[in-house]
Amino acid sequence: MEKQQHDESQLAKLQSELEELDKIPLQVNGKEMLASQCYYLGTNPFHILYNTNCPDHLKYRIETIAAKYFPTLP
Numbered sequence: 003m004e005k006q007q008h009d010e011s012q013l014a015k016l017q018s019e020l021e022e023l024d025k026i027p028l029q030v031n032g033k034e035m036l037a038s039q040c041y042y043l044g045t046n047p048f049h050i051l052y053n054t055n056c057p058d059h060l061k062y063r064i065e066t067i068a069a070k071y072f073p074t075l076p
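Take 3 as the starting number for the sequence shown in my numbering and just add one per residue.
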């Protein structure tokens, strides 16, 4: 139970930090998008799925942020 609470706490912190990325303008294929439109966070087990149009620099930022909270990402 304690591990689950730890994971939920880490997930909440991660989501909060990722929400900050939506404040940064992002252009994808000439369209204005939110960073959160480029990825999906899944749980059990924790994983990140990216849309095919997600820029590599955004993937890197997301993975860097996620590694702070979930250092054992596959």
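Beta carbons: idealized from backbone N, C-alpha and C, even for Gly.
Does residue i come out as helix, strand or coil in the three-state DSSP assignment?
i	result
residue 20	helix
residue 77	Outside the shown range of the chain, which is 3 to 76, sits residue 77, and nothing can be said about it.
residue 13	helix
residue 43	strand
residue 36	coil
residue 4	Note that residue 4 has pLDDT 46, beneath the 50 cutoff, so the model's placement of it is unreliable and the number below is only indicative. Three-state result, residue 4: helix.
What does the Cβ neighbour count give for residue i, buried or exposed, with the cut at 16 atoms within 10 Å?
i	result
residue 14	exposed
residue 26	exposed
residue 51	exposed
Whose CA, out of the options, lies closest to the CA of residue i?
i	options	result
residue 23	73, 74 and 64	64
residue 37	17, 46 and 48	17
- Message: Does the contact criterion of 3 or more C-beta pairs under 8 Å hold for the region 65-73 versus the region 29-36?
- Response: The answer is no - the region 29-36 does not touch the region 65-73, with fewer than three Cβ pairs under 8 Å.
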